[in-house]
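Trainee: Sharing a structure, written as structure tokens. Questions coming.
Residue numbers (this note's numbering): 55 to 312.
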């Protein structure tokens with residue numbers, strides 16, 4: 055059969071999008087998901103996202119890593135799905151949708167999407183790093199000369215060596231200028247560096263605030279694929295009203311034999 059798909063990207067984090075409101079997609083076929091995400095034999099993407107109907111909200115987000123396995127929350131994927139829902143006229147300007155980590159509120163203005171992330175009640179400070187969950191688990195570590203840093207090699211060592219088979223996403227950070235940071239991320243499930251990671255840059259912003267690297271609650275992050283902004287409220291060391299903001303753009307639409 056021919057499968058209609060859409061491609062979206064948010065600061066270089068790219069996704070295959072499928073309108074699954076009619077239940078046409080075989081959600082148990084991990085090999086199919088991996089094939090569609092394959093950059094040589096399929097469409098090519100960091101992940102695949104299904105937009106589905108769900109009562110009480112505008113839609114439901116189902117997210118798969120490029121290895122074919124359903125995964126935890128993806129921030130840039132969520133922003134791209136909001137842009138996809140707007141493209142399909144499912145929403146108009148704002149939305150509430152459900153994802154694996156719960157309800158999310160978002161707004162879209164042209165190609166700029168601001169997505170509310172889950173609250174963060176605990177940030178673990180380690181000797182050389184910070185660990186927290188922003189919908190997905192994230193290790194945040196400061197490094198020098200980030201542009202020349204061996205992200206894939208060092209990220210894989212930490213992803214498996216410290217966090218085991220279940221793993222964690224690994225973020226390497228360097229202060230850039232006042233209240234802004236450069237970030238490079240190794241993503242589990244992709245098992246490589248990605249150009250941007252939404253839950254990752256959110257984790258970095260909170261970690262930098264928690265460890266006193268910034269006192270601001272609106273932080274600019276320079277990912278390899280582009281710039282994002284994170285803002286939040288903090289009270290009693292708990293972070294709420296966390297919003298991830300940046301571009302989410304339609305790339306192309308196509309059909310593929312599956």
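From the three backbone atoms N, C-alpha and C, an ideal C-beta is built for every residue, glycine too. As the structure is a prediction and not an experimental result, all values here were calculated from the model.
If I measure Cβ to Cβ from residue 170 and keep anything under 6 angstroms in the same chain, skipping five residues before and after, which residues do I get?
Mentor: As a working mapping, residue 170 is identified with position 116 in the chain shown. The answer, listed in chain order, is 158, 159, 297.
Trainee: Is the segment 286-293 touching the segment 110-129 in the sense that three or more CB pairs, one from each, lie closer than 8 angstroms?
Mentor: Short answer: they don't touch.
Trainee: Should the segment 139-157 be called in touch with the segment 93-112, which here means at least 3 C-beta pairs below 8 angstroms?
Mentor: Contact holds: three or more Cβ-Cβ distances are below 8 angstroms.
Trainee: Can you list, in chain order, the residues of its chain with a C-beta nearer than 7 angstroms to that of residue 267? Leave out the 5 residues immediately preceding and following it.
Mentor: Taking the first residue of the chain shown as 1, we reach residue 267 at position 213. Here the set comprises 229.
Trainee: Enumerate in chain order the residues of its own chain whose CB-to-CB distance from residue 118 is below 7 angstroms, with the five nearest sequence positions on each side excluded.
Mentor: Within the chain shown, numbered from 1, the residue matching residue 118 stands at position 64. So the list reads 87, 101, 102, 124, 125, once near-sequence residues are dropped.
Trainee: Assuming residue 289 is part of the beta strand (DSSP E), what are its boundary residues?
Mentor: For the purposes of this step, residue 289 is taken as residue 235 along the chain shown, with counting starting at 1. Unbroken beta strand (DSSP E) run through residue 289: 280-289.
Trainee: Ends of the alpha helix (DSSP H) at residue 135?
Mentor: For this step, residue 135 is matched to residue 81 along the chain shown. Counting along the chain, the alpha helix (DSSP H) containing residue 135 begins and ends at 129-141.
Trainee: Quick check on residue 213: buried or exposed, where buried means 16 or more other Cβ atoms within 10 Å of its Cβ?
Mentor: Within the chain shown, numbered from 1, the residue matching residue 213 stands at position 159. Its Cβ being crowded by 16 or more others within 10 Å, residue 213 is buried.
Trainee: Could you check where the beta strand (DSSP E) with residue 263 kicks off and where it finishes?
Mentor: Sequence index remark: in the chain shown, residue 263 carries index 209 (1-based). That residue, residue 263, is in no beta strand (DSSP E); its alpha helix (DSSP H) goes 252-264.
Trainee: Going by the CB atoms, is the gap between residue 259 and residue 224 shorter than 7 angstroms?
Mentor: Along the chain shown, read from residue 1 onward, the residue named residue 224 stands at position 170. Along the chain shown, read from residue 1 onward, the residue named residue 259 stands at position 205. Cβ atoms of residue 224 and residue 259: not closer than 7 angstroms.
Trainee: If the criterion is Cβ atoms closer than 7 angstroms, does the pair residue 222 and residue 130 meet it?
Mentor: Position 168 of the chain shown, counting from 1, holds the residue named residue 222. Position 76 of the chain shown, counting from 1, holds the residue named residue 130. No, these two residues do not count as a Cβ contact at 7 angstroms.
Trainee: Between which two residues does the alpha helix (DSSP H) harbouring residue 90 extend?
Mentor: For this step, residue 90 is matched to residue 36 along the chain shown. That run of the alpha helix (DSSP H) goes 84-91.
Trainee: How many angstroms separate the CA atom of residue 235 from the CA atom of residue 197?
Mentor: Mapped onto the chain shown, residue 235 falls at position 181. Mapped onto the chain shown, residue 197 falls at position 143. Each residue's alpha carbon lies about 11 angstroms from the other.
Trainee: What ranges does the alpha helix (DSSP H) occupy inside the segment 196-239, keeping only unbroken runs of at least 4 residues that lie completely in it?
Mentor: Taking only runs of at least 4 residues, the alpha helix (DSSP H) segments lying wholly in the segment 196-239 are 205-215.
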